[in-house]
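Below is one structure; the comments refer to it alone.
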Amino acid sequence: MRTIITVLYLTIFLICSLPIMGIIALLHLIWPQRSDRMALRVVQHAFFVIEFLSGVDLTITGQENVPQDTSVLYIGNHLGFFDIVLTYSRVPANTGYISKQSVFKVPILRLWMYRLHCLGLDRSDIRQGMKVILKAIDYVKNGTSIFIFPEGTRSKTGEVLPFKAGSFKIATKSGCPIIPVAITGTDNILENHFPWIKRAKVSITYGKPIPTASLTSEEQKALPQTVRDEIIRLKEEQHNA
Numbered sequence: 053m054r055t056i057i058t059v060l061y062l063t064i065f066l067i068c069s070l071p072i073m074g075i076i077a078l079l080h081l082i083w084p085q086r087s088d089r090m091a092l093r094v095v096q097h098a099f100f101v102i103e104f105l106s107g108v109d110l111t112i113t114g115q116e117n118v119p120q121d122t123s124v125l126y127i128g129n130h131l132g133f134f135d136i137v138l139t140y141s142r143v144p145a146n147t148g149y150i151s152k153q154s155v156f157k158v159p160i161l162r163l164w165m166y167r168l169h170c171l172g173l174d175r176s177d178i179r180q181g182m183k184v185i186l187k188a189i190d191y192v193k194n195g196t197s198i199f200i201f202p203e204g205t206r207s208k209t210g211e212v213l214p215f216k217a218g219s220f221k222i223a224t225k226s227g228c229p230i231i232p233v234a235i236t237g238t239d240n241i242l243e244n245h246f247p248w249i250k251r252a253k254v255s256i257t258y259g260k261p262i263p264t265a266s267l268t269s270e271e272q273k274a275l276p277q278t279v280r281d282e283i284i285r286l287k288e289e290q291h292n293a
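Per this note's numbering, residue 53 is the first one in the sequence shown, and the count goes up by one each step.
If you want it as structure tokens, here you go:
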């Protein structure tokens, strides 16, 4: 029943949100920043409802570590679809997610993703991937945060997979801080018993900002492993809590 209600709500939201999207698009011509905030709040509200309907028992720590006055690069480990639902609903300002290109093929959903400054990445196309990274750098420089899962795929074991180094250029080229995000338990909502949505305990921990503006070349090279180690440490804290 939980699955049916959640899917039904998501379908109704996507269809009924089309007029709202039209209003936001018109507003964007006059007040771009205000329209971006409106789009953010509309989708955050929808995700809060999905979280409620899914019965998620969520514990969040470290949210005070997220800057309120500057754009950042969120780096998280990836377990499943609900990683996005539960983190996007809590970002304090405009944030675009970098996801696989295939997600942009879903009707209506792709319109919202474009409106929210999300970017589709084809990891098999190096040239396209570079364009996405450059676009993300531009977003960050202009005040929009970016959230990426640099493992490149979801972990099926819960362990943090090796990070792809390319995505870290978003931070080093823009000079923005990195917020490590440790996620545990989201795969127990859906992926571990797909297609059924089950009640699950989830922990999300936001680490302290990692500055990138004045890193040496060696520090930049070590950055992916540095952030990965921090996320692993945060996940161990979740386990021991």
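C-beta atoms are modelled at their ideal positions from N, C-alpha and C, and glycine is treated no differently.
Would residue i and residue j be called neighbours here (beta carbons separated by less than 7 Å)?
| i | j | result |
| --- | --- | --- |
| residue 132 | residue 206 | yes |
| residue 120 | residue 84 | no |
| residue 123 | residue 195 | yes |
| residue 228 | residue 138 | no |
| residue 150 | residue 189 | no |
| residue 283 | residue 212 | yes |
| residue 202 | residue 216 | yes |
| residue 258 | residue 233 | yes |
By the three-class DSSP mapping on this structure, what secondary structure does residue i have?
| i | result |
| --- | --- |
| residue 273 | helix |
| residue 152 | strand |
| residue 215 | coil |
| residue 233 | strand |
| residue 125 | strand |
Rounded to whole angstroms, what's the CA-CA distance from residue i to residue j? Just pull it up for me.
| i | j | result |
| --- | --- | --- |
| residue 230 | residue 263 | 7 Å |
| residue 155 | residue 200 | 14 Å |
| residue 182 | residue 237 | 32 Å |
| residue 249 | residue 226 | 39 Å |
| residue 63 | residue 107 | 18 Å |
| residue 240 | residue 252 | 6 Å |
| residue 88 | residue 276 | 30 Å |
| residue 136 | residue 102 | 12 Å |
| residue 274 | residue 220 | 10 Å |
| residue 141 | residue 92 | 9 Å |
| residue 266 | residue 285 | 24 Å |
| residue 255 | residue 96 | 19 Å |
| residue 77 | residue 134 | 27 Å |
Residue range of the beta strand (DSSP E) that residue i falls in?
| i | result |
| --- | --- |
| residue 134 | Where residue 134 is concerned, there is no enclosing beta strand (DSSP E), although the alpha helix (DSSP H) it sits in stretches over 134-140. |
| residue 255 | 253-258 |
| residue 171 | 171-173 |
| residue 109 | 109-113 |
| residue 199 | 197-200 |
If you follow the alpha helix (DSSP H) that residue i is part of, which residue opens it and which one closes it?
| i | result |
| --- | --- |
| residue 91 | 84-106 |
| residue 224 | 221-226 |
| residue 185 | 178-193 |
| residue 162 | 161-167 |
Stretch pair the stretch 167-185 + the stretch 112-130: three plus CB contacts closer than 8 Å: no
Contact the stretch 151-165 vs the stretch 267-276: 3+ CB pairs below 8 Å: no
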